[in-house]
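Structure, as structure tokens:
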Ligand SMILES: [Zn+2]
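In my numbering, the protein residues as written are 7 to 71.
The structure is reproduced here in structure tokens:
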């Protein structure tokens, strides 16, 4: 199996392998960010956009959050 010297493979919660270089990984850990693959990250971002749209459209009562 090919391993990049400065890269690390971590498993995303969905089971996909995420390849990060060491610096990027340590940066994310130090920021308390989850190590996510691009698919999960895009999904999360689109969910956040949907949430903001719902807020904007008054579908969600902001004070209940
Ligand atoms: Zn994922």
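We put the beta carbon where it would ideally sit given N, CA and C, even for glycine.
Within 10 angstroms of its Cβ, does residue i collect 16 or more other Cβ (buried), or is it exposed?
i          : result
residue 24 : buried
Answer yes or no: the CB of residue i versus the heavy atoms of ligand 3, is any distance below 7 Å?
i          : result
residue 53 : For the structure depicted, ligand 3 is absent and the ligand set comprises only ligand 1.
Using only CA atoms, which one of the options lies nearest to residue i?
i          : options    : result
residue 46 : 35, 20, 34 : 20
### Query
Where the beta carbon is closer than 7 Å to any heavy atom of ligand 1, which residues qualify, in chain order?
Every residue passing the under-7 Å Cβ criterion appears here: 18, 19, 20, 22, 42, 43, 45, 46.
### Query
Quick one: complete alpha helix (DSSP H) runs, 4+ long, within the region 11 to 42?
Segments of the alpha helix (DSSP H) lying fully in the region 11 to 42: 28 to 36.
### Query
Within the chosen definition, does the region 32 to 45 reach the region 57 to 66 through at least 3 CB pairs nearer than 8 Å?
The answer is no - the region 57 to 66 does not touch the region 32 to 45, with fewer than three Cβ pairs under 8 Å.
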